[in-house]
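A.B. asks: In my numbering, the protein residues as written are 26 to 657. What follows is a structure written as structure tokens; I'll ask about it next.
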């Protein structure tokens, strides 16, 4: 549960990859290997073919890797290591012997129909493969709580009507322009000087100067002072959100979200760090996928708002330290091994082209600063948006995810830590777990002594997502079907059955909760609860003194406060004091776009927040064991 386990997990992935070289020529090198043809068909939900591709790869390569190399997305949360059992494909032509893992993932009828795990399929012959649809638009929080701020963006425009040159007025073009603007003393590049003479004369010396802070970045013909946009990105490990902002009034013009295209390389930052270590081209691949994700979202928000991308002059990005270093092409390996060191905590503005964005050619990207390797820019942005340094109430901020970040503060004293919760809350390690998309069970309630489930969009249940998992366990504890230790009780309930030597609880005819699923949730919630409990101890307060709990991120937005209290995920306080904060990382990025003062405020948080390293605590393991039980 401690951050020391992060290093262990990374080394374990490295061990698995080394072992896999015997079977994966893509990892070991494939000089002289024979080649095979694979015919991939990517399917839509209605069974229609959305994409079709025939590829040639070295014999022995896994179907998962072959697909990844050729831009065919196959669902996976472990990155192809055979642990998540999500990379399901159907062999429609050709014969592939099932592996031991296939027998655990599929029924006999499914195996007979050609269903296999893509990471276990060794391509030794020509085969045809159907790839089930991948959820690329999971349900996600796109807005969150935020403070009112004074609108003072870094992008400024000045419209001027200049007197034309004459023999008696031979000032240079740049001097003529800058002398007409007396409130800014800008710098400018050679590119500006190349454009300036032509633009001035074509527009009859009526132009708009565009400034990014003190830098002159554009000269536009005519009066364009009412047209200026920026984009705020929340670059999440799972979901990425883009918000197009009108910098004149601070209003959002369009919002879009999608699954991070790096997802096939693993559900968490450790598997992605591992991917860069095991493949010399891993960093390049992951960077390109992150850039593609931001580029696609940029096109979509601009199209929706009918905005010319060249009128986007600045972007702000909030992401954890690993996501940030990956998209900037910085080796993330030091983040994954002790002592967990970042390349830098605070970035200078970079060219937006470094993020793969086709917007204004001289647009800059503001990167939110990071407190540490596992309390990154997304959390600093969240702390900024929620006013953790301003509100005098004692508040607990929890961003629930694969890596859970926790902040406890009262405006004067602020502590932060990180707890590796694992992928349970994103349902990645859950047998019937699915992403938050149509058909995912997202709510479970006890009604007249029985469970009542609710799915996203009211669609037929296809699996259970994180919020539904927490609800289901809380309800089973409430009904006495699970005891405080998380073990299924011996009760007379037709839905409690045994399969393959393990007790499972049937939520629907096809979706169930296993004993192992309950254990996964216990480990995750115990890591988080231990984190905030140790912060409270360090702060010198009791749980009951906490006046407000903020549940941040997409998962926190849909998590039931009552269920969170029931399983011990958050302190036992009134549910009225537990607030879904939403996408506060995105809100913090917006604030950085809309106010240079808030941008500087984010940087000062690095000095105001004290980071507490859990792996340094000798009592962590004892506290963790104490928090495994469910409150009764």
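All residues carry an ideal CB built from backbone N, CA and C; glycine is no exception.
Does DSSP classify residue 187 as helix, strand or coil?
C.D. replies: Translated into positions along the chain shown, residue 187 becomes position 162. The answer is coil: DSSP assigns residue 187 none of H, G, I, E or B.
A.B. asks: For residue 415, does the three-state DSSP call read helix, strand or coil?
C.D. replies: Position 390 of the chain shown, counting from 1, holds the residue named residue 415. Coil at residue 415, not helix or strand.
A.B. asks: Among 362, 323, 330 and 632, which one has its Cα closest to the Cα of residue 378?
C.D. replies: Here the question's residue 378 lines up with position 353 in the chain shown. If we check each option's Cα against that of residue 378, 323 comes out closest.
A.B. asks: For residue 329, tell me which candidate among 83, 290 and 280 has the shortest Cα-Cα distance.
C.D. replies: On the chain shown, residue 329 is found 304 positions in, with the first residue counted as 1. Of the listed residues, the one whose Cα sits closest to residue 329 is 280.
A.B. asks: Does the distance from the C-beta atom of residue 398 to that of residue 556 stay below 8 Å?
C.D. replies: As a working mapping, residue 398 is identified with position 373 in the chain shown. As a working mapping, residue 556 is identified with position 531 in the chain shown. Taking 8 Å as the Cβ cut-off, residue 398 and residue 556 do not qualify as a contacting pair.
A.B. asks: Could you check which residue in 489, 84, 522 and 433 has the C-alpha nearest to that of residue 459?
C.D. replies: Position 434 of the chain shown, counted from the start, is the residue given in the question as residue 459. Considering only alpha carbons, the answer is 489.
A.B. asks: List the endpoints of the continuous alpha helix (DSSP H) containing residue 320.
C.D. replies: In the chain shown, counting from the first residue as 1, residue 320 sits at position 295. Where residue 320 is concerned, the enclosing alpha helix (DSSP H) stretches over 307-330.
A.B. asks: Within the same chain, show all residues whose beta-carbon is closer than 6 Å to that of residue 325, passing over the 5 residues directly before and after it, in chain order.
C.D. replies: Residue numbering aside, residue 325 sits at position 300 when the chain shown is read from its first letter. 281.
A.B. asks: Whole angstroms are fine: how far does the CA of residue 552 sit from the CA of residue 649?
C.D. replies: Within the chain shown, residue 649 is the residue found at index 624, counting from 1. Within the chain shown, residue 552 is the residue found at index 527, counting from 1. Approximately 6 Å between the Cα atoms of the pair.
A.B. asks: In whole angstroms, give me the CA-to-CA distance for residue 134 and residue 337.
C.D. replies: By one-based count along the chain shown, residue 134 stands at place 109. By one-based count along the chain shown, residue 337 stands at place 312. Their backbone Cα atoms lie some 53 Å apart in a straight line.
A.B. asks: Quick check: residue 447 and residue 549, are their CB atoms within less than 8 Å of each other?
C.D. replies: On the chain shown, residue 447 is found 422 positions in, with the first residue counted as 1. On the chain shown, residue 549 is found 524 positions in, with the first residue counted as 1. Closer than 8 Å, so yes.
A.B. asks: Less than 8 Å between the C-beta atoms of residue 442 and residue 395, yes or no?
C.D. replies: Here residue 442 corresponds to residue number 417 of the chain shown, with the count starting at 1. Here residue 395 corresponds to residue number 370 of the chain shown, with the count starting at 1. It is not a contact, given that the beta carbons lie outside the stated cut-off.
A.B. asks: Who does residue 429 pair with in a DSSP beta bridge?
C.D. replies: Here residue 429 refers to the residue found at position 404 of the chain shown. For residue 429, which the question treats as bridged, DSSP gives the partners 444.
A.B. asks: Is any heavy atom in the ligand SAH found nearer than 7 Å to the beta carbon of residue 278?
C.D. replies: In the structure shown, the ligand SAH is absent, as is every other ligand, since no ligand is present at all.
A.B. asks: For the segment 602-613 against the segment 256-270, do three or more pairs of beta-carbon atoms, one drawn from each stretch, fall closer than 8 Å, so that the two count as touching?
C.D. replies: Yes, they touch.
A.B. asks: If you reduce the DSSP assignment to three classes, tell me which class residue 396 lands in.
C.D. replies: As a position in the chain shown, residue 396 is number 371, starting the count at 1. Coil.
A.B. asks: Which term fits residue 547, buried or exposed, when burial requires 16 or more other beta carbons within 10 angstroms of its beta carbon?
C.D. replies: Locating residue 547 in the chain shown gives position 522, where the first residue counts as 1. Buried: at least 16 other Cβ atoms inside 10 Å.
A.B. asks: Report buried or exposed for residue 253, applying the criterion of at least 16 other Cβ atoms within 10 angstroms of its Cβ.
C.D. replies: Residue 253 sits at position 228 when you count from the first residue of the chain shown. Classification for residue 253: buried.
A.B. asks: Rounded to whole angstroms, what is the Cα-Cα separation between residue 263 and residue 626?
C.D. replies: Taking the first residue of the chain shown as 1, we reach residue 263 at position 238. Taking the first residue of the chain shown as 1, we reach residue 626 at position 601. Straight-line Cα distance between these residues: approximately 27 Å.
A.B. asks: If you count every other CB in all the chains shown that lies within 10 Å of the CB of residue 657, and 16 or more means buried, which is it?
C.D. replies: Your numbering for residue 657 matches position 632 in the chain shown. Answer is exposed; the Cβ neighbour count stays below 16.
A.B. asks: Report back the beta-carbon spacing between residue 403 and residue 315 to the nearest angstrom; my notes put them in contact at under 8 Å.
C.D. replies: The sequence position of residue 403 within the chain shown is 378, counting from 1. The sequence position of residue 315 within the chain shown is 290, counting from 1. Residue 403 to residue 315, Cβ: 14 Å. No contact.
A.B. asks: Can you confirm whether the segment 222-236 touches the segment 183-193 when touching is taken to mean that 3 or more C-beta pairs between the two stretches lie within less than 8 Å?
C.D. replies: Taking 8 Å as the limit for Cβ pairs, the verdict is that the segment 222-236 does touch the segment 183-193.
A.B. asks: Do residue 63 and residue 155 have their beta-carbon atoms positioned less than 8 Å apart in this structure?
C.D. replies: Residue 155 sits at position 130 when you count from the first residue of the chain shown. Residue 63 sits at position 38 when you count from the first residue of the chain shown. The answer is no: Cβ separation not under 8 Å.
A.B. asks: With burial defined as no fewer than 16 other Cβ atoms inside 10 Å of the residue's Cβ, what is the status of residue 74: buried or exposed?
C.D. replies: Here residue 74 refers to the residue found at position 49 when the chain shown is read from its first residue. Residue 74 should be labelled exposed.
A.B. asks: Apart from the five residues on each side of it in sequence, which residues of its chain come closer than 6 Å, Cβ to Cβ, to residue 653?
C.D. replies: As a first step, residue 653 is located in the chain shown; it is residue number 628 there, counting from the start. Only 547 and 551 meet the Cβ criterion.
A.B. asks: Report buried or exposed for residue 195, applying the criterion of at least 16 other Cβ atoms within 10 angstroms of its Cβ.
C.D. replies: For the purposes of this step, residue 195 is identified with residue 170 of the chain shown, where counting begins at 1. So residue 195 counts as exposed.
A.B. asks: With a CB to CB cut of under 8 Å and the five nearest residues on each side skipped, what residues in its chain are close to residue 313?
C.D. replies: Residue 313 sits at position 288 when you count from the first residue of the chain shown. Within the same chain, residue 313 has close Cβ partners 381.
A.B. asks: Just the C-alpha distance for residue 369 and residue 522, rounded to the nearest angstrom, thanks.
C.D. replies: In the chain shown, counting from the first residue as 1, residue 369 sits at position 344. In the chain shown, counting from the first residue as 1, residue 522 sits at position 497. Roughly 52 Å separates the two Cα atoms.
A.B. asks: According to DSSP, residue 266 sits in a beta bridge with which residue or residues?
C.D. replies: As a working mapping, residue 266 is identified with position 241 in the chain shown. Its beta-bridge partners are 259 and 282.
A.B. asks: What residue range does the alpha helix (DSSP H) around residue 352 cover?
C.D. replies: Sequence index remark: in the chain shown, residue 352 carries index 327 (1-based). It spans 346-352 - the alpha helix (DSSP H) in which residue 352 sits, taken as one unbroken run.
A.B. asks: Given that a residue counts as buried once 16 or more other Cβ atoms are within 10 Å of its Cβ, and exposed if not, what is residue 582?
C.D. replies: Here residue 582 refers to the residue found at position 557 of the chain shown. Buried, because 16 or more other Cβ atoms sit within 10 Å of the Cβ of residue 582.
A.B. asks: Just the C-alpha distance for residue 528 and residue 356, rounded to the nearest angstrom, thanks.
C.D. replies: Within the chain shown, residue 528 is the residue found at index 503, counting from 1. Within the chain shown, residue 356 is the residue found at index 331, counting from 1. One C-alpha to the other measures close to 44 Å.
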